[in-house]
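These notes are about the structure you will find just below.
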Amino acid sequence: MEITELRPSLYMVRVEFGQLYLWRDGDAVTLVDTGVPGSAAAIAEALASLGLAPSAVERIVITHGHEDHAGAAEEVRSWHGAPVHVHEADAPFVTGETPRPEPVVTEFDAHLWEQISSLGLASTPPTTVDVLLHEGDELDFGGGARVLSIPGHTPGSVAVYLPEPRVLFTGDTIGTTPDGVVILGVFNQDEDQQLESFHRMAALDVETACIGHGGPVVTGAAVDPGNISTADRVVAILGVAVGVFSADQVVDETTNPLGPA
Ligand SMILES: [Zn+2]
Ligand SMILES: [Zn+2]
Numbered sequence: 014m015e016i017t018e019l020r021p022s023l024y025m026v027r028v029e030f031g032q033l034y035l036w037r038d039g040d041a042v043t044l045v046d047t048g049v050p051g052s053a054a055a056i057a058e059a060l061a062s063l064g065l066a067p068s069a070v071e072r073i074v075i076t077h078g079h080e081d082h083a084g085a086a087e088e089v090r091s092w093h094g095a096p097v098h099v100h101e102a103d104a105p106f107v108t109g110e111t112p113r114p115e116p117v118v119t120e121f122d123a124h125l126w127e128q129i130s131s132l133g134l135a136s137t138p139p140t141t142v143d144v145l146l147h148e149g150d151e152l153d154f155g156g157g158a159r160v161l162s163i164p165g166h167t168p169g170s171v172a173v174y175l176p177e178p179r180v181l182f183t184g185d186t187i188g189t190t191p192d193g194v195v196i197l198g199v200f201n202q203d204e205d206q207q208l209e210s211f212h213r214m215a216a217l218d219v220e221t222a223c224i225g226h227g228g229p230v231v232t233g234a235a236v237d238p239g240n241i242s243t244a245d246r247v248v249a250i251l252g253v254a255v256g257v258f259s260a261d262q263v264v265d266e267t268t269n270p271l272g273p274a
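In my numbering, the protein residues as written are 14 to 274.
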């Protein structure tokens, strides 16, 4: 377990596989994702490092139904019944009602998919979903959190946006390369939909984007040029990833996918 404070109230917690985010309003905690099955002990350890008991967890918000995000939700819920929130389109995969669909593995994804598949990650155990999320829902943390339905990576992927601190939890719809370049996330159900969702998030005013895997992406005044690519490079790599931009368009594109520069 490794916990990093990203800004006041916001922590990134790395667990055995993957990562999750912890938002703290005083002694009340919202977890965004939970890591793979078996991560609850690491989450308890993260809470303890902040001087908080497991009972501090007020809600569990799952960005999408993959096992590295929803995997430990039932374990954490079993502590004291903190409600698990999942979009209605991914809920059946989390409850176990229907098997989760395999992603469409593209040429771009294939090598990484082989590596991930060889890890043999455990599937999410049947998990109680207490709250079905929908586009436009508001959740009571971080000064008011807005739920955005962003299908593509999975049908029920959500982003959670906190307008006041300008924090966005993106789930796996956005990814980064090991050197921090922003790309469209990998292992998706529908990349056309996902690209639309990506651009929808890009239009938001965001300072800290908490992505599904890898370090957070920080924009605006806090840009670290060593850590985030130029808009052109972002769009170029995004274009390569999904094959939608011609070279000319890439040169002309000036939009930063993560919002105003
Ligand atoms: Zn995923
Ligand atoms: Zn993931």
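The C-beta atom is built at its ideal place from N, Cα and C for all residues, glycine as well.
Identified DSSP bridge partners for residue i
{"i": "Ile16", "result": "Val26"}
{"i": "Thr137", "result": "Thr137 pairs with nothing; no bridge assigned."}
{"i": "Glu151", "result": "Arg159"}
{"i": "Gly188", "result": "Ile196"}
{"i": "Ala172", "result": "Leu161"}
{"i": "Leu145", "result": "Val99"}
{"i": "Val70", "result": "Val42"}
Residues of its chain near residue i, where Cβ-Cβ distance is below 6 Å and the 5 sequence neighbours each way are ignored
{"i": "Thr111", "result": "Pro105"}
{"i": "Leu152", "result": "Ala158"}
{"i": "Glu148", "result": "Ser162"}
{"i": "Glu15", "result": "Arg27"}
Limits of the alpha helix (DSSP H) - the one that residue i falls within
{"i": "Thr55", "result": "According to the sequence shown, residue 55 is Ala rather than Thr. From DSSP, the alpha helix (DSSP H) with Ala55 extends over Ala53 to Ser62."}
{"i": "Arg90", "result": "Ala86 to His93"}
{"i": "Arg213", "result": "Glu204 to Ala215"}
Distance between beta carbons of residue j and residue i, contact taken as under 8 Å
{"i": "Phe182", "j": "Val45", "result": "5 Å"}
{"i": "Gln202", "j": "Thr186", "result": "Actually they are not in contact, since the Cβ atoms of Gln202 and Thr186 sit about 11 Å apart, beyond 8 Å."}
Contacting residues, own chain, Cβ-Cβ under 7 Å from residue i (five flanking each side not counted)
{"i": "Ala53", "result": "Ala85, Glu88 and Val89"}
{"i": "Pro50", "result": "Glu80, Gly84, Ala85, Ala135, Thr137 and Pro138"}
{"i": "Ala235", "result": "Reliability of the predicted coordinates at Ala235 is poor, the pLDDT of 31 falling under 50, and no value is obtained from them."}
Host beta strand (DSSP E) of residue i (start-end)
{"i": "Asp38", "result": "Gln32 to Asp38"}
{"i": "His100", "result": "Val97 to His100"}
C-beta atoms of residue i and residue j nearer than 8 Å
{"i": "Gly184", "j": "His77", "result": "yes"}
{"i": "Val99", "j": "Gly169", "result": "yes"}
Cβ-based neighbour list, residue i, same chain, cut-off 8 Å, excluding 5 preceding and 5 following
{"i": "Ser22", "result": "Trp36, Arg37, Asp38, Gly155 and Pro178"}
{"i": "Pro96", "result": "Arg72, Ile73, Arg90, Asp143 and Val144"}
{"i": "Leu29", "result": "The question names Leu, yet the displayed sequence has Glu at residue 29. Same-chain partners within the cutoff: Gly48, Val49, Gly51, Ser52 and Ala55."}
{"i": "Glu58", "result": "Met14"}
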